[in-house]
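Before any comments, here is the structure.
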Amino acid sequence: MKFIGGERIPYELQDHIIAQLEGDGKTLATCSLISSRWFERSRSLMDISLVTYIERDGYIPPRAMDLITLLDAPHSTLGRFIQKVSILGPDVAWISLEEFDRGSKYAYEEYSWLIEAICPHLCHVRALTLRLMTWSRISQEAKHQLGSLSSLLTITWIEVNFDTLADLVQFTGRCFRNLRGLRIDRLRLDKGSESESSISAWDPNTFSSLRALTLLGEDTTAPFFSSSSTIFPVHNIDTLYLTLRLQYVSGPYLLRSILDATAPNLSALTLDTSPCRSFSYPISLSQMVKLRCLRIATKIDPSLVEWFTETLDSNSKTSKLEVFCFCIHERDLEDLDFPSIERALLGLNASIITAFLDNDHGTESPLAEKVIQGMPRLSMTGRLRVKALPFEDDLFQM
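Counting with numbering that gives the first Met the number 0, you get residues 0 to 397 for the letters of the sequence shown.
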């Protein structure tokens with residue numbers, strides 16, 4: 000590119016200009032049409048995602064077939080710029096761990112073919128999501144192609160059936176040595192829960208790059224909780240998202256064990272105990288000396304105010320805290336003990352405190368002013384924000 004006078008703009012300056020447009024997909028798409036150099040630089044900054052799926056009966060939608068045609072086309076460069084991939088399998092969405100339905104044998108043959116056709120073109124994928132599938136029913140070649148995504152930085156397993164938890168740990172750890180983020184959600188083990196010893200012998204250096212962990216604590220992942228320190232170096236984890244669904248007495252113990260193990264290096268913590276209403280043990284934050292962002296995704300109702308305030312009172316040593324978020328439902332506003340909540344929040348060092356108000360519709364609530372009026376001293380500091388909690392939105396997700 001040249002100025003009007005004919006002088007060429009240095010490539011470094013061109014790159015810097017384009018870099019300022021990161022996040023503006025429409026403008027980056029326009030820039031990619033300027034020249035071959037701008038094409039490469041612009042496309043590399045575009046957050047290009049691929050979502051594909053297969054029907055339960057094995058039918059592959061036309062859009063998925065069109066995608067494969069595009070990827071296979073001569074001189075196609077599309078695959079080089081896809082950074083996020085989500086592949087949905089033929090199993091039916093779960094009602095519970097016990098109530099689910101798998102796709103047919105033919106559906107899994109087609110699903111395996113779909114993976115085998117797409118993955119060889121994805122040379123720069125950074126994030127992979129696998130959902131609604133039974134691991135043992137896809138082909139070995141499909142597993143090989145998934146494992147060949149060597150540039151992968153984060154992987155998400157949602158509503159996936161494994162024979163054992165060790166199958167998940169071994170495949171993930173062996174194939175993705177540079178993995179920085181791992182999410183496990185609604186896992187089902189076909190051969191039942193296993194003992195800690197069956198996965199605790201895994202080489203912790205395998206996950207040496209792991210920094211972010213999102214884990215749904217349920218019966219099937221209980222061994223993962225209790226064996227986490229032997230599966231990967233938990234002291235390296237700096238971003239943690241925990242949802243507790245453990246309904247038995249050891250649930251709080253397992254939760255505290257992973258929090259204690261990761262505490263010294265945590266900079267961001269999101270905690271949701273909503274699915275487990277019986278959970279009432281305060282969480283100690285005193286060892287989380289590097290914590291900068293704390294999110295309580297549990298909706299605080301009158302029965303949880305004491306738990307909430309005691310948890311925040313343990314914040315005395317988390318002096319680096321910058322952002323704090325919590326949720327309340329508008330139906331609970333009349334009964335909440337706002338003076339106690341305000342007193343706990345005033346003890347935080349966070350410069351930004353956000354209350355997300357849920358009204359089941361994800362819309363701005365006319366009752367937001369009631370939250371502000373309920374905590375006048377905190378409101379006067381200018382630190383309190385009240386926002387609507389978007390409906391079915393991963394607002395608290397890492």
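Note that the Cβ used here is the ideal one computed from N, Cα and C, for glycine as well.
Checklist line | Segment limits, alpha helix (DSSP H) that includes I173 | finding: Note on identity: in this sequence residue 173 is Arg, with Ile being the wrong assignment. Run containing R173: 164–174, per the alpha helix (DSSP H) assignment.
Check: Within 10 angstroms of its Cβ, does D271 collect 16 or more other Cβ (buried), or is it exposed?
Finding: buried
Check: In or out: S147 buried (at least 16 other Cβ within 10 Å) or exposed?
Finding: exposed
Checklist line | Rounded Cβ spacing between A343 and L356 (contact assumed at less than 8 Å) | finding: With 8 Å as the limit, A343 and L356 do not qualify as a contact, their Cβ atoms being about 18 Å apart.
Notebook entry, point to check: So what does A354 bridge to, in DSSP terms?
Noted result: F325, V385
Next item on the list: Specify the secondary structure class of M132 as computed by DSSP and reduced to three states.
Entry: strand
Check: Contact check, T76 vs A63 under 8 Å by CB: the rounded distance?
Finding: At roughly 20 Å, the Cβ-Cβ gap does not stay under 8 Å, so T76 and A63 are not in contact.
Margin query: Is the separation between the beta-carbon of I352 and that of F323 shorter than 8 Å?
Written below: yes
Item checked: Buried/exposed call for E21, threshold 16 Cβ in 10 Å -> exposed
Check: What's the C-alpha gap between H234 and I86?
Finding: 31 Å
Checklist line | Any beta strand (DSSP E) of 3 or more consecutive residues that is wholly inside the stretch 67–92 | finding: 81–87
Check: Out of R136, T213, V370, I137, which has the shortest C-alpha to C-alpha gap to L258?
Finding: T213
Next item on the list: Please work out which residues of its chain come closer than 7 Å, Cβ to Cβ, to K369, disregarding the five sequence neighbours upstream and downstream, and give them in chain order.
Entry: L332
Checklist line | Whole-angstrom distance between T269 and P89, CA atom to CA atom | finding: 31 Å
Note to self: Tell me the rounded alpha-carbon separation between F38 and Y107.
What the structure shows: 37 Å
Check: What are the boundary residues of the beta strand (DSSP E) that includes L181?
Finding: 180–184
Item checked: Cβ distance (whole Å) where E329 is taken to contact N348 below 8 Å -> That pair is no contact at about 28 Å.
Next item on the list: Report all residues from its chain with a CB closer than 8 Å to the CB of R125; omit the five preceding and five following residues, and keep chain order.
Entry: Q82, K83, S150, L151, L152, T153
Next item on the list: Measure the alpha-carbon distance for H120 versus A387 and round it to whole angstroms.
Entry: 40 Å
Notebook entry, point to check: Taking DSSP as the reference, what is the three-state secondary structure of C118?
Noted result: helix
Notebook entry, point to check: How long is the line joining the alpha carbons of V159 and L186, rounded to whole angstroms?
Noted result: 5 Å
Margin query: My output table needs one value for S138: the three-state DSSP class, helix, strand or coil.
Written below: coil
Notebook entry, point to check: Which residues bound the alpha helix (DSSP H) around V304?
Noted result: 304–312
Check: Does DSSP classify R62 as helix, strand or coil?
Finding: helix
Notebook entry, point to check: Under 8 Å between the Cβ atoms of S256 and L290?
Noted result: no
Item checked: Status (buried if at least 16 other CB within 10 Å, exposed otherwise) for L69 -> exposed
Check: Quick one: Cα of D334 to Cα of V304, how far?
Finding: 11 Å
Next item on the list: Specify the secondary structure class of R125 as computed by DSSP and reduced to three states.
Entry: coil
Check: Which whole-angstrom value is the C-beta distance of L188 and T163, which I expect to be below 8 Å?
Finding: 6 Å
Notebook entry, point to check: For L311, which option in D14, R294, I67 has the closest C-alpha, if you only look at C-alpha atoms?
Noted result: R294
Check: How is L335 classed by DSSP in three states: helix, strand or coil?
Finding: coil
Next item on the list: Provide the residue(s) that pair with W156 in DSSP beta bridges, ordered along the chain.
Entry: L129, I183
Margin query: Can you list, in chain order, the residues of its chain with a C-beta nearer than 6 Å to that of F307? Leave out the 5 residues immediately preceding and following it.
Written below: I299
Margin query: By the DSSP assignment, the beta strand (DSSP E) with I295 in it spans what residues?
Written below: 292–298
Item checked: Rounded straight-line distance, which links the Cα of I137 to that of L284 -> 43 Å
Check: In the DSSP assignment, what residue or residues form a beta bridge with D271?
Finding: T242
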